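Asker: Structure provided below as structure tokens; questions to follow.
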Amino acid sequence: MKTKKAKNDFLQSDLPSNRKEVFFDSIKLRYGLIFKIGLMMLLFSLPLLVVLFFKDSYLISIESSLSKGSISQESYNEMYKMICRIAYAVCVPCFVIFSIGLAGSLRVIRQLAWGEGVFFIQDFLDGIKANYKHYLIYSLLFGVMHYLGRMAILIDIDLTFIKVLPLIIILSVFLPVMLFGIFQSQIYTNKIWQELKNGAILYIKTFFTTFLALIIICIPIAFAFINLFFIKMLVMILYFVFVVPFILLGEFLYFNSVFDKYINKNNYPDIYGKGINNKI
Amino acid sequence: MPKLTIENLKVIYNNKKGQETIALDGFSYSFNEGSLHAIIGFSGCGKTTLLRAILGFVDYQGKILFDNVDAIDLTTQERNISYVSQQYILYPHLTIFDNIASPLKIAKAPKEEIKERVKAVAQYLGIEHCLTRKPRHLSGGQQQKVALARAIIKKSQLYLFDEPLSNFDKQGRSEVRLMIKKFIKENNVTALYVTHDFQEAMTIADNIVVINNGKVIASGSPKEIYESKNPIVNQLKCGVNDE
Numbered sequence: 001m002k003t004k005k006a007k008n009d010f011l012q013s014d015l016p017s018n019r020k021e022v023f024f025d026s027i028k029l030r031y032g033l034i035f036k037i038g039l040m041m042l043l044f045s046l047p048l049l050v051v052l053f054f055k056d057s058y059l060i061s062i063e064s065s066l067s068k069g070s071i072s073q074e075s076y077n078e079m080y081k082m083i084c085r086i087a088y089a090v091c092v093p094c095f096v097i098f099s100i101g102l103a104g105s106l107r108v109i110r111q112l113a114w115g116e117g118v119f120f121i122q123d124f125l126d127g128i129k130a131n132y133k134h135y136l137i138y139s140l141l142f143g144v145m146h147y148l149g150r151m152a153i154l155i156d157i158d159l160t161f162i163k164v165l166p167l168i169i170i171l172s173v174f175l176p177v178m179l180f181g182i183f184q185s186q187i188y189t190n191k192i193w194q195e196l197k198n199g200a201i202l203y204i205k206t207f208f209t210t211f212l213a214l215i216i217i218c219i220p221i222a223f224a225f226i227n228l229f230f231i232k233m234l235v236m237i238l239y240f241v242f243v244v245p246f247i248l249l250g251e252f253l254y255f256n257s258v259f260d261k262y263i264n265k266n267n268y269p270d271i272y273g274k275g276i277n278n279k280i
Numbered sequence: 281m282p283k284l285t286i287e288n289l290k291v292i293y294n295n296k297k298g299q300e301t302i303a304l305d306g307f308s309y310s311f312n313e314g315s316l317h318a319i320i321g322f323s324g325c326g327k328t329t330l331l332r333a334i335l336g337f338v339d340y341q342g343k344i345l346f347d348n349v350d351a352i353d354l355t356t357q358e359r360n361i362s363y364v365s366q367q368y369i370l371y372p373h374l375t376i377f378d379n380i381a382s383p384l385k386i387a388k389a390p391k392e393e394i395k396e397r398v399k400a401v402a403q404y405l406g407i408e409h410c411l412t413r414k415p416r417h418l419s420g421g422q423q424q425k426v427a428l429a430r431a432i433i434k435k436s437q438l439y440l441f442d443e444p445l446s447n448f449d450k451q452g453r454s455e456v457r458l459m460i461k462k463f464i465k466e467n468n469v470t471a472l473y474v475t476h477d478f479q480e481a482m483t484i485a486d487n488i489v490v491i492n493n494g495k496v497i498a499s500g501s502p503k504e505i506y507e508s509k510n511p512i513v514n515q516l517k518c519g520v521n522d523e
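Each protein sequence line maps, in turn, to chains A and B. Numbering-wise, the numbering used here puts 71 at position 71 of the first sequence, and it's gapless, one number per residue. Just so we're on the same page, the numbering used here is the position in the second sequence counted from 1, plus 280.
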């Protein structure tokens, strides 16, 4: 077995000089690791997928009953609401389980983005150990808000905009602030209220770019528009394995660049520009 | 560090036709601990075979003793030897960090210790900026440094270097030679350093062992070897090689 060699020495200046280069460099060099992260994310999102699977199955079943005329429109409406209520309530603990996987995966991604040695299992477990309390609170908070937002959609009023408004507010106001908190947890040791306070300030300061980053995170909303049941499940599984890790890596690099600009430059110079060759 | 004693070592290779080649023929020597011993000789004289026998990679007759314990009674792991060959092999799918860390991972060292030691050894060899790369991104010299780093990261009883500078240019050679020498001195370990370059042996070693036809023909400090009247030593000195 012969190792391939480069013609010239690998120099410090050949290292990625900005976060965008770190992103593509990581994908090119560590696709195996990123795939492993995807599998872990799929594992921790399984309860959520199962709940959504049963929710959709029941909804298809009552829709079929309605079209056959075995149930009335009123019964259908009642059953539809009941299924949604139960499913979105069960989603709350599923978000908590998902957040545990997220805590581990983001630690591995942090190591990757910072150019540190990665010990997959150990780093994954360390990430959970260090952040599970914060992630538990964030996921519970998000789960409950998500439930309330979904319940608002089920209210019997004709104004669609009013019905979806709570969910829009949750996704566009509370979620980004929580995201700032989630990414801060991986880097700093702050109290949760401090993370949320910093998150709110940073969201205001970086509104437009963070909003763009948020749109990428909200991609799963588009799955609701897939009508074919099994295609939808397949897309969701593939999404968790092949898309989520790239999104997490990209989002980590984005939030890290925000922290560099507003926090690290003055307060934590030792981690300022970590993982890139030319410091910002 | 153990004292390495070799008594009447004989290694015979058989080819497919059943013909015998004697690689080492009654090699005897006692290597003092905490020193860097250069093994020098023409190609085919048995230098690499000696290292392979110490590693337990070839069958031999005679005795190899680590602090008076026969190597036969020790597994390769128990011998606790680090080895760098000229034909080093790096794991192509692993990063440089993971390549260097591999002996410590096998030894189940704690994560933080591995990180610290990999960084320290990479810094020592000037390859800390390469840690996130894969071997194919590095030049031959840098890859050789990685192989070296992987060998010295493990705290071993004995270090065996088999022409470890073959991939370096002149400047790289002298730089890494000094690094190896410094490492051996700082850590007070025993090392055997195989080379066919007389000048290299003179600059790096505390003690030089000259082999010819599988036997020790001269040994001593670099000064003693330099002043030796032995004709083989003189040929090596003049750079005459039978290759």
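A virtual CB, placed ideally from N, CA and C, is assigned to each residue, including glycine. As the structure is a computational prediction, the values presented were derived from the model and not from experiment.
When you compare the region 168-179 of chain A with the region 227-243 of chain A, are there three or more beta-carbon pairs, one atom per stretch, that lie closer than 8 Å?
Answerer: no
Asker: Which residues of chain A have a Cβ atom closer than 9 Å to the Cβ of L370/B, listed in chain order?
Answerer: In chain order: T3.
Asker: What span of residues does the beta strand (DSSP E) with I488/B cover, start to end?
Answerer: 487-492
Asker: Does the separation of the CB atoms of S185/A and R19/A fall below 7 Å?
Answerer: no
Asker: Any idea which residues DSSP pairs I512/B with across the strands?
Answerer: Paired residue(s): none; I512/B is not in a bridge.
Asker: Do F10/A and H373/B count as a contact pair if the criterion is CB distance below 7 Å?
Answerer: no
Asker: Examine the Cβ distances between the region 419-438 of chain B and the region 398-405 of chain B and report whether three or more of them are shorter than 8 Å.
Answerer: yes
Asker: According to DSSP, T301/B sits in a beta bridge with which residue or residues?
Answerer: Y293/B
Asker: According to DSSP, what are the bridge partners of Y363/B?
Answerer: L440/B
Asker: Against chain A, which members of the region 406-424 of chain B pass a CB distance test of less than 8 Å?
Answerer: H409, C410, L411, T412, R413, K414, P415, R416, H417, L418, S419, G420, G421, Q422, Q423
Asker: Within 7 Å (strictly less), CB to CB, does N131/A reach chain B?
Answerer: no
Asker: Can you name the residues that DSSP bridges to Y309/B?
Answerer: Per DSSP, I286/B.
Asker: Check whether chain B comes within 7 Å of Q184/A, counting only Cβ atoms and requiring the distance to be less than that.
Answerer: no
Asker: Tell me the DSSP secondary structure of S499/B in three-state form.
Answerer: strand
Asker: Check whether chain A comes within 7 Å of K395/B, counting only Cβ atoms and requiring the distance to be less than that.
Answerer: Yes, its Cβ sits closer than 7 Å to a Cβ of chain A.
Asker: Any beta carbon of chain B sitting closer than 7 Å to that of D9/A?
Answerer: Taking CB atoms only, D9/A has a neighbour in chain B less than 7 Å away.
Asker: Apply the 10 Å Cβ neighbour rule to K327/B and answer buried if 16 or more other Cβ atoms are within range, or exposed otherwise.
Answerer: buried
Asker: My output table needs one value for F346/B: the three-state DSSP class, helix, strand or coil.
Answerer: strand
Asker: How would you label M40/A, buried or exposed, when you count the other beta carbons within 10 angstroms and need 16 or more for buried?
Answerer: By the neighbour-count criterion, in which a residue is buried when 16 or more other Cβ atoms sit within 10 angstroms of its Cβ, M40/A is buried.
Asker: Below 6 Å CB to CB, which residues in the same chain sit around G421/B once its five sequence neighbours on both sides are set aside?
Answerer: Within the same chain, G421/B has close Cβ partners N447, F448, G452.
Asker: In or out: N379/B buried (at least 16 other Cβ within 10 Å) or exposed?
Answerer: buried
Asker: So V398/B contacts chain A; which residues on that side make the cut at Cβ distance below 8 Å?
Answerer: G117
Asker: Taking DSSP as the reference, what is the three-state secondary structure of Y272/A?
Answerer: When secondary structure is reduced to three states using DSSP, Y272/A falls in the coil class, being assigned neither helix nor strand.
Asker: So, at 6 Å on beta carbons, what are the nonlocal neighbours of A87/A in its own chain, with the 5 sequence-adjacent residues on each side left out?
Answerer: Short of 6 Å from the beta carbon of A87/A, and not among the five residues preceding or following it, lie these beta carbons of its own chain, in chain order: V51, K55.
Asker: Assuming contact is defined by CB atoms lying nearer than 7 Å, are D486/B and Q366/B in contact in what I supplied?
Answerer: no
Asker: If you measure from the beta carbon of Q12/A to each beta carbon in chain B, is any gap under 7 Å?
Answerer: yes
Asker: For K465/B and chain A, any beta-carbon pair shorter than 7 Å?
Answerer: no
Asker: With a cut-off of 7 Å, does the C-beta of Q122/A fall near any C-beta of chain B?
Answerer: yes
Asker: For the beta strand (DSSP E) containing H373/B, name the first residue and the last one.
Answerer: Neither: H373/B is in no beta strand (DSSP E) and is coded neither H nor E.
Asker: Under the three-state reduction of DSSP, which class applies to Y473/B: helix, strand or coil?
Answerer: strand
Asker: Give the range of the alpha helix (DSSP H) segment to which H134/A is assigned.
Answerer: 120-153
Asker: Identify the residues that DSSP records as bridge partners of Q341/B: which are they?
Answerer: K290/B
Asker: State whether the region 318-326 of chain B contacts the region 484-498 of chain B, with contact taken as three or more CB pairs (one from each stretch) at a distance under 8 Å.
Answerer: In short, these stretches touch, since the Cβ pair count reaches three.
Asker: Work out the CA separation of M236/A and K425/B for me, nearest whole Å.
Answerer: 45 Å
Asker: Could you give the DSSP three-state label for I71/A: helix, strand or coil?
Answerer: coil
Asker: Near A381/B, which residues of its chain fall below 6 Å by C-beta distance, leaving aside the five closest residues on each side in sequence?
Answerer: Here the set comprises I394, V398.
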